[in-house]
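This report concerns only the one structure given below.
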Amino acid sequence: MKHLFSTFIVLLMGTFLYAQEHDIEFISNHIYLKADVNGKPAHLVFDTGSADVYLDSTWLAKSGIKYPQMGKAMVRGAGNEARKTTIVFSGVSISMGGKQFAPQMVPVIDLRAILGDAADGIFGLRDLKGKVITVDYKNRKLTQSDKVTSAQTEGFTRIPIQTSPNHPGQILIPIEVTVSPGKVISGKALLDTGSGQGLEFTSKAATKYGLDKIEDKVRFHYEHGGVGGESAGFEFGIDKVTAGNILLSQGKARYSTDNAGAMASEDYIAVIGNGIWQHLTLILDLSKSVLYLRENL
Numbered sequence: 048m049k050h051l052f053s054t055f056i057v058l059l060m061g062t063f064l065y066a067q068e069h070d071i072e073f074i075s076n077h078i079y080l081k082a083d084v085n086g087k088p089a090h091l092v093f094d095t096g097s098a099d100v101y102l103d104s105t106w107l108a109k110s111g112i113k114y115p116q117m118g119k120a121m122v123r124g125a126g127n128e129a130r131k132t133t134i135v136f137s138g139v140s141i142s143m144g145g146k147q148f149a150p151q152m153v154p155v156i157d158l159r160a161i162l163g164d165a166a167d168g169i170f171g172l173r174d175l176k177g178k179v180i181t182v183d184y185k186n187r188k189l190t191q192s193d194k195v196t197s198a199q200t201e202g203f204t205r206i207p208i209q210t211s212p213n214h215p216g217q218i219l220i221p222i223e224v225t226v227s228p229g230k231v232i233s234g235k236a237l238l239d240t241g242s243g244q245g246l247e248f249t250s251k252a253a254t255k256y257g258l259d260k261i262e263d264k265v266r267f268h269y270e271h272g273g274v275g276g277e278s279a280g281f282e283f284g285i286d287k288v289t290a291g292n293i294l295l296s297q298g299k300a301r302y303s304t305d306n307a308g309a310m311a312s313e314d315y316i317a318v319i320g321n322g323i324w325q326h327l328t329l330i331l332d333l334s335k336s337v338l339y340l341r342e343n344l
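So the sequence shown is numbered by this note's numbering: it starts at 48 and just counts up by one.
Structure follows, in structure tokens:
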């Protein structure tokens with residue numbers, strides 16, 4: 048009995064050994080993690096809509112860091128264009144919460160024009176494949192672990208999601224959008240914590256479901272809408288957005304008019320950002336392709 052009890056304690060300790068908690072800053076609807084990049088302090092935006100690490104060009108210039116292997120490549124993201132971008136091919140070392148990451152092929156772009164002056168870089172999902180990620184917006188905590196327990200998910204709604212090891216920056220969640228009585232759009236949305244917006248339909252979905260025919264709408268335009276430059280579209284009124292039995296949002300949504308890039312994708316009908324997620328607690332079990340959601344009270 049004593050031996051069994053000792054074994055239980057060891058197993059229990061093992062469950063928590065691999066849980067890593069990070070304090071987060073929530074600035075302008077973006078999640079910031081504190082990190083060191085090659086020994087220099089940096090604030091990295093946590094972005095589930097990206098697989099990769101990016102560095103801000105202004106931060107890199109001021110840091111004094113010199114990487115021996117750099118070049119140029121075409122990079123596409125949100126926005127209408129693929130752009131020739133500076134790439135660091137090796138040598139980037141990130142320390143975060145005592146863990147080391149060595150990403151390859153790190154693009155260097157003017158992130159601050161897109162995300163604001165607090166952004167030193169982006170941290171995507173490639174190095175977190177198979178992990179459990181808890182984002183607690185209310186208490187400003189982000190936790191990485193290897194397993195999720197039933198105690199952790201008590202009171203949460205379980206929602207199957209679509210993930211792919213070949214596309215670690217693409218988490219798709221089934222949603223229903225009631226645009227108006229009698230008009231309900233169902234499909235998969237990209238869970239994107241790199242976006243500070245709410246729900247935005249892709250341009251392809253807008254055409255398919257006739258959203259571009261809505262007359263009562265307000266145009267928006269961003270000169271720096273993403274990695275691909277300019278982005279534009281319209282905001283309009285909706286009834287509600289739901290996932291499972293969770294009411295995600297009411298009142299407003301957007302649709303994009305981009306003709307290329309992430310907001311013209313056919314892989315999903317919409318992108319959901321922190322404008323919605325900040326009102327919830329998320330547990331992402333990437334190994335089991337499950338999302339647990341709970342409204343913050």
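Virtual Cβ for every residue (Gly too), placed ideally from N, Cα, C.
Keep in mind that this is a model prediction, so the values were computed, not measured.
Would you mind stating whether proline 150 and tyrosine 101 have Cβ atoms separated by less than 7 angstroms?
In the sequence shown, counting from the first residue as 1, residue 150 sits at position 103. In the sequence shown, counting from the first residue as 1, residue 101 sits at position 54. No, Cβ-Cβ distance for proline 150 and tyrosine 101 is not below 7 angstroms.
I need the straight-line Cα distance from glutamine 297 to glutamine 209, nearest angstrom please.
Indexing the sequence shown from 1 puts residue 297 at position 250. Indexing the sequence shown from 1 puts residue 209 at position 162. About 24 angstroms.
Please confirm whether glycine 144 and glutamine 199 have their CB atoms less than 7 angstroms apart.
Within the sequence shown, the letter at position 97 stands for residue 144. Within the sequence shown, the letter at position 152 stands for residue 199. Going by C-beta atoms, glycine 144 is not nearer than 7 angstroms to glutamine 199.
For glutamine 116 and phenylalanine 136, believed in contact at Cβ under 8 angstroms, the rounded distance
Taking the first residue of the sequence shown as position 1, residue 136 is located at position 89. Taking the first residue of the sequence shown as position 1, residue 116 is located at position 69. At roughly 4 angstroms, the Cβ-Cβ gap stays under 8 angstroms, so phenylalanine 136 and glutamine 116 are in contact.
Counting only the same chain and skipping the five closest in sequence on each side, list residues whose C-beta sits under 6 angstroms from that of isoleucine 232.
Start at 1 with the first residue of the sequence shown, and residue 232 comes out as number 185. Taken in chain order, the residues that qualify are Val224, Tyr256.
For alanine 253, which residues in the same chain have their Cβ closer than 6 angstroms to its Cβ, ignoring the five residues on either side in sequence?
If you number the sequence shown from 1, residue 253 lands on position 206. Cβ neighbours of alanine 253 beyond the five flanking positions: Asp259, Tyr302.
By Cβ distance below 8 angstroms, which residues in the same chain neighbour phenylalanine 267 in space, the five residues on each side in sequence not counted?
In the sequence shown, residue 267 corresponds to position 220, counting from 1. Result list for phenylalanine 267: Ala279, Gly280, Phe281, Glu282, Arg301, in chain order.
For the beta strand (DSSP E) that arginine 205 lies in, which residues bound it at each end?
On the sequence shown, residue 205 is found 158 positions in, with the first residue counted as 1. Unbroken beta strand (DSSP E) run through arginine 205: 204-207.
Consult DSSP for aspartate 183 and reduce its assignment to one of helix, strand or coil.
Reading the sequence shown from its first residue, position 136 is the one you call residue 183. In the structure shown, aspartate 183 adopts extended strand secondary structure according to DSSP, grouped into three states.
Length of the line joining the Cα atoms of methionine 121 and lysine 131
Here residue 121 refers to the residue found at position 74 when the sequence shown is read from its first residue. Here residue 131 refers to the residue found at position 84 when the sequence shown is read from its first residue. For methionine 121 and lysine 131, the distance between alpha carbons rounds to 4 angstroms.
Less than 7 angstroms between C-beta atoms, sequence neighbours within five positions excluded: which residues of the same chain meet that for valine 195?
Residue mapping note: residue 195 aligns to position 148 of the sequence shown, counting from 1. Result list for valine 195: Val179, Ile330, Asp332, in chain order.
What does a CB cutoff of less than 7 angstroms around isoleucine 323 pick up in its chain, not counting 5 residues either side in sequence?
The residue given as residue 323 occupies position 276 in the sequence shown. Here the set comprises Gly245, Leu246, Leu295, Ser296.
For lysine 299: DSSP bridge partner residues
Within the sequence shown, the letter at position 252 stands for residue 299. Note: lysine 299 sits in a beta bridge opposite Gly284.
Going by CA-CA distance only, name the one from Asn306, His77, Gly291 that's closest to isoleucine 206.
As a first step, residue 206 must be located in the sequence shown, where it is residue number 159. Nearest C-alpha to isoleucine 206: Gly291.
Can you name, in chain order, every residue of its own chain whose Cβ lies under 6 angstroms from the Cβ of serine 184, other than the five neighbours on each side?
What you label residue 184 is simply residue 137 of the sequence shown in a count that begins at 1. Here residue 184 is tyrosine; the residue named in the question, serine, does not match the sequence. Taken in chain order, the residues that qualify are Gln325.
Exposed or buried, what is alanine 236 when buried is set at 16 or more other beta-carbons lying within 10 Å of its beta-carbon?
By 1-based counting over the sequence shown, the position of residue 236 is 189. By the Cβ neighbour-count rule, alanine 236 is buried, with 16 or more other Cβ atoms within 10 Å of its own.
What number of angstroms, rounded off, separates the C-alpha of glycine 202 from the C-alpha of isoleucine 161?
Here residue 202 refers to the residue found at position 155 when the sequence shown is read from its first residue. Here residue 161 refers to the residue found at position 114 when the sequence shown is read from its first residue. Approximately 36 angstroms between the Cα atoms of the pair.
What do you reckon, are the CB atoms on leucine 189 and isoleucine 218 nearer than 7 angstroms?
Position 142 of the sequence shown, counted from the start, is the residue given in the question as residue 189. Position 171 of the sequence shown, counted from the start, is the residue given in the question as residue 218. Going by C-beta atoms, leucine 189 is not nearer than 7 angstroms to isoleucine 218.
Which residues mark the beginning and the end of the beta strand (DSSP E) in which lysine 235 is found?
Numbered from its first residue, the sequence shown carries residue 235 at position 188. Per DSSP, lysine 235 belongs to the beta strand (DSSP E) from 230-238.
Within its chain, find whatever has a CB closer than 6 angstroms to the CB of lysine 335; leave out the 5 residues flanking it on each side and keep chain order.
Numbered from its first residue, the sequence shown carries residue 335 at position 288. Closer than 6 angstroms at Cβ, skipping near neighbours: no residue.
Residues bridged to tyrosine 79 by DSSP?
The residue given as residue 79 occupies position 32 in the sequence shown. According to DSSP, which records beta bridges pairwise, tyrosine 79 is partnered with Glu72, Val92.
Please list the segments of the alpha helix (DSSP H) lying wholly inside the segment 105-182, counting only runs of 4 or more residues, in order along the chain.
List check, alpha helix (DSSP H) in window: 158-162.
Would you kindly work out how many angstroms separate the C-alpha atoms of histidine 214 and aspartate 94, rounded to a whole number?
Counting from 1 along the sequence shown, the entry for residue 214 is found at position 167. Counting from 1 along the sequence shown, the entry for residue 94 is found at position 47. Each residue's alpha carbon lies about 13 angstroms from the other.
When DSSP labels each residue in this structure, what does leucine 333 get in the three-state scheme?
Taking the sequence shown and counting its residues from 1, one reaches residue 333 at position 286. In this structure, leucine 333 counts as coil in the three-state DSSP scheme.
According to the Cβ coordinates, are methionine 152 and isoleucine 134 closer than 7 angstroms?
Taking the first residue of the sequence shown as 1, we reach residue 152 at position 105. Taking the first residue of the sequence shown as 1, we reach residue 134 at position 87. For methionine 152 and isoleucine 134, yes; Cβs fall inside 7 angstroms.
Cβ separation of valine 43 and isoleucine 293, assumed to be a contact under 8 angstroms, to the nearest whole Å
The structure shown has nothing for residue 43, since the chain only spans 48 to 344.
To the nearest angstrom, how far is it from the Cα of tyrosine 339 to the Cα of serine 197?
Against the sequence shown, residue 339 aligns to sequence position 292. Against the sequence shown, residue 197 aligns to sequence position 150. Cα-Cα distance, rounded: 11 angstroms.
Pull up the distance between the alpha-carbon of proline 221 and that of glycine 243, whole angstroms please.
Taking the sequence shown and counting its residues from 1, one reaches residue 221 at position 174. Taking the sequence shown and counting its residues from 1, one reaches residue 243 at position 196. For proline 221 and glycine 243, the distance between alpha carbons rounds to 20 angstroms.
Residues of its chain near valine 265, where Cβ-Cβ distance is below 7 angstroms and the 5 sequence neighbours each way are ignored
Here the question's residue 265 lines up with position 218 in the sequence shown. Within the same chain, valine 265 has close Cβ partners Phe281, Glu282.
Would you kindly work out how many angstroms separate the C-alpha atoms of valine 226 and glycine 320, rounded to a whole number?
In the sequence shown, the residue the question calls residue 226 occupies position 179. In the sequence shown, the residue the question calls residue 320 occupies position 273. Distance between the alpha carbons of valine 226 and glycine 320: 18 angstroms.
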